[in-house]
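Each residue of the sequence shown is one higher than the one before, counting from -8 in my numbering.
Note that the Cβ used here is the ideal one computed from N, Cα and C, for glycine as well.
A short write-up of the structure that comes next.
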Amino acid sequence: MKTDSYIPDLLSFLDSSPTASWAVSYLASKLDENGFTRLEEGNSWNIGANVGFYTVRSASSIIAGITGTEACDTAGCRIIGAHTDSPGFRIKPEPDRNKENINVLGVELYGSPILATWFDRDLSLAGTLAVREDDTVFRRSFMIRKPIFRMASPAKHINREVNKNGFKVNSEMNTPLLFSSSGAVFDDVLSLACESADVKRDSVSGWSMEIWDPQPATLGGIEDDFIFSGRLDNLAMCHTAIEALLASEECPETRLVSLFNSEEVGSTTLNGAGSTFLDTVIERLAGGRDEYFRCLSRSIQVSADGAHALHPNYSEKHDPGCHPVLNGGPVIKVNAMEKYTSSDVTSAYFRTCAEKSGVDIQYFVNRNDMPCGITIGPVTSSRLGIRSVDVGNPMLSMHSVRETAGKSDHEAMIRVLAEHMRGSVSIRD
-8 MKTDSYIPDL LSFLDSSPTA SWAVSYLASK LDENGFTRLE EGNSWNIGAN VGFYTVRSAS
52 SIIAGITGTE ACDTAGCRII GAHTDSPGFR IKPEPDRNKE NINVLGVELY GSPILATWFD
112 RDLSLAGTLA VREDDTVFRR SFMIRKPIFR MASPAKHINR EVNKNGFKVN SEMNTPLLFS
172 SSGAVFDDVL SLACESADVK RDSVSGWSME IWDPQPATLG GIEDDFIFSG RLDNLAMCHT
232 AIEALLASEE CPETRLVSLF NSEEVGSTTL NGAGSTFLDT VIERLAGGRD EYFRCLSRSI
292 QVSADGAHAL HPNYSEKHDP GCHPVLNGGP VIKVNAMEKY TSSDVTSAYF RTCAEKSGVD
352 IQYFVNRNDM PCGITIGPVT SSRLGIRSVD VGNPMLSMHS VRETAGKSDH EAMIRVLAEH
412 MRGSVSIRD
């Protein structure tokens, strides 16, 4: 299996994926290069054994897989789930504002970004345009790398207590984007997006515009043992999932990777983990309703999302016993309130996969006075009735505009997920 050769592609993927739809486009191209067949949900499917395929919903969610050598209802599925979206900001409808002769644009929160980290950075724009041709509307993606926006912080001289009390941000009043002192308006920004997408301005009747930091992803640390980038949560796990699928070997089980949008806002969307996207794909692969239910009873999911590494400068914020560290190996996430899906047998399952692939495992649990969030794991596991375990690679500054992960953890996670995909370990309740 490749080792550090995964890292250049990961950095390229991060730089090419300012939005969920760009991430899906990048991964779809990788699957095309590896001989996978694109299937449309609106068409009939007729897939043979050991065939690679993928399908995309709403441009920003993708399910890819390789059919097994045995039928789904007898062998089940080995599934890896992750999410394509990251917290940040979206341009509001009617966003034009003028403040003290500076033109700014109003933005809306998406998910729960660390607001202060977005200030004093070179920000740009990416997303999709809804293009109308005759009576048909379709999407066209655009990406602008030029820094055209700024969230400027107040100077220390007028915010004297900032170092004592912290940088406090009002998410409505303090986040509008500075972009012009010469009279430019939002329509000028929209025209720039149309130019990037190579479409005519008068053909665009809708848009989804996301703010992003175009600073390139990079290796850092004196020995290049860290990864510094935006959107590591959760594009890094999307990358490991696809690489594990490509590295897996022919086996009886059907191997699936489900990458959903909207996790940061609750997953209850057309193409989120709470939708029927994964359900319908598995049922179509199984061939019928009874076969579908038998398949689910034999399937297991690994839900892969970023995990919190022990922060050396805030160690008191962590559980005193569980101390996952950067470059210490993948993390099994445990929560007694069942915000994560890890159980006794599914945790042992993942640990066994790690042992077979020669990878060390760490554990994460929240302090009792600091409740955790939720992943796609409980959403898909409860919908489908499949066994699941929640895992992730340790990282610092989760939900910052610029996050930190360990380089060696990335390849380690791919190795464990590839072992999971091989179906060499089974569970019996």
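For the pair residue 239 and residue 246, the CB atoms are nearer than the 7 Å cut-off. For residue 13, the enclosing alpha helix (DSSP H) begins and ends at 11 to 24. Shown here for residue 283: same chain residues with a beta carbon closer than 7 Å to its own, the five before and five after excluded, namely 273, 274 and 277 in chain order.
Contact between the region 10 to 19 and the region 123 to 141 is present, with at least three C-beta pairs closer than 8 Å. Around residue 188, the same chain offers 120, 131, 132 and 133 as residues with beta carbons nearer than 7 Å, after the five sequence neighbours per side are excluded. The alpha-carbon of residue 294 is positioned some 34 Å away from that of residue 161. The straight-line gap separating the alpha-carbon atoms of residue 376 and residue 289 is approximately 10 Å.
Annotation: residue 234 to residue 22 spans about 10 Å, alpha carbon to alpha carbon.
Three or more beta-carbon pairs separated by less than 8 Å are not found between the region 356 to 376 and the region 206 to 218, which leaves the two stretches without contact.
Within the region 284 to 359, the complete beta strand (DSSP E) segments at least 3 residues long are 291 to 295, 322 to 324 and 353 to 355, listed from N- to C-terminus. According to the DSSP secondary-structure assignment, residue 120 is paired through a beta bridge with 131 and 198. C-alpha of residue 147 to C-alpha of residue 153: approximately 7 Å in a straight line.
It is roughly 21 Å from the alpha-carbon of residue 122 to the alpha-carbon of residue 8. Contact check between the region 259 to 269 and the region 83 to 96: fewer than three CB pairs, one atom from each, fall below 8 Å, which does not count as touching. Listed in chain order, the beta strand (DSSP E) runs fully inside the region 136 to 203 are 168 to 171 and 195 to 203, counting runs of at least 3 residues. Residue pairing for residue 249: DSSP places it in a beta bridge opposite 54 and 72.
Contact annotation: residue 325 and residue 333 have beta-carbon atoms nearer than 7 Å.
Counting along the chain, residue 4 sits inside the alpha helix (DSSP H) bounded by residues -3 to 6. Contact check for residue 261 against residue 53 fails: the beta carbons are separated by 7 Å or more. Bridge partners of residue 90 according to DSSP: 93. For residue 386, the three-state secondary structure derived from DSSP is strand.
Just measuring C-alpha positions, the residue of 248, 243 and 0 sitting nearest residue 416 is 243. Between residue 367 and residue 26, the CB-CB gap reaches or exceeds 7 Å. Classified as buried, residue 402 has 16 or more neighbouring CB atoms from the shown chains inside 10 Å of its CB. Between residue 115 and residue 139, the gap from beta carbon to beta carbon is short of 7 Å. A Cβ-Cβ contact shorter than 7 Å links residue 224 with residue 297. A residue is called buried when at least 16 other Cβ atoms come within 10 angstroms of its Cβ; residue 35 does not meet this threshold and is exposed. Within a 10 Å sphere around the beta-carbon of residue 305 sit fewer than 16 other beta-carbons, which makes this residue exposed. Between the alpha carbons of residue 47 and residue 20 lies a distance of about 12 Å. Put simply, the backbone Cα of residue 28 is about 6 Å away from that of residue 43. Between residue 1 and residue 230 the beta-carbon gap is near 5 Å, inside 8 Å, which marks them as a contact.
DSSP places residue 218 in no alpha helix (DSSP H) but in the uninterrupted beta strand (DSSP E) bounded by 217 to 220. Bounds of the beta strand (DSSP E) holding residue 47 are 43 to 48.
The Cβ neighbour count for residue 60, taken over all protein chains shown within 10 Å, is under 16; the residue is labelled exposed. Under DSSP, residue 378 shares a beta bridge with 291. Under the DSSP assignment, residue 234 falls in the alpha helix (DSSP H) whose first and last residues are 223 to 238.
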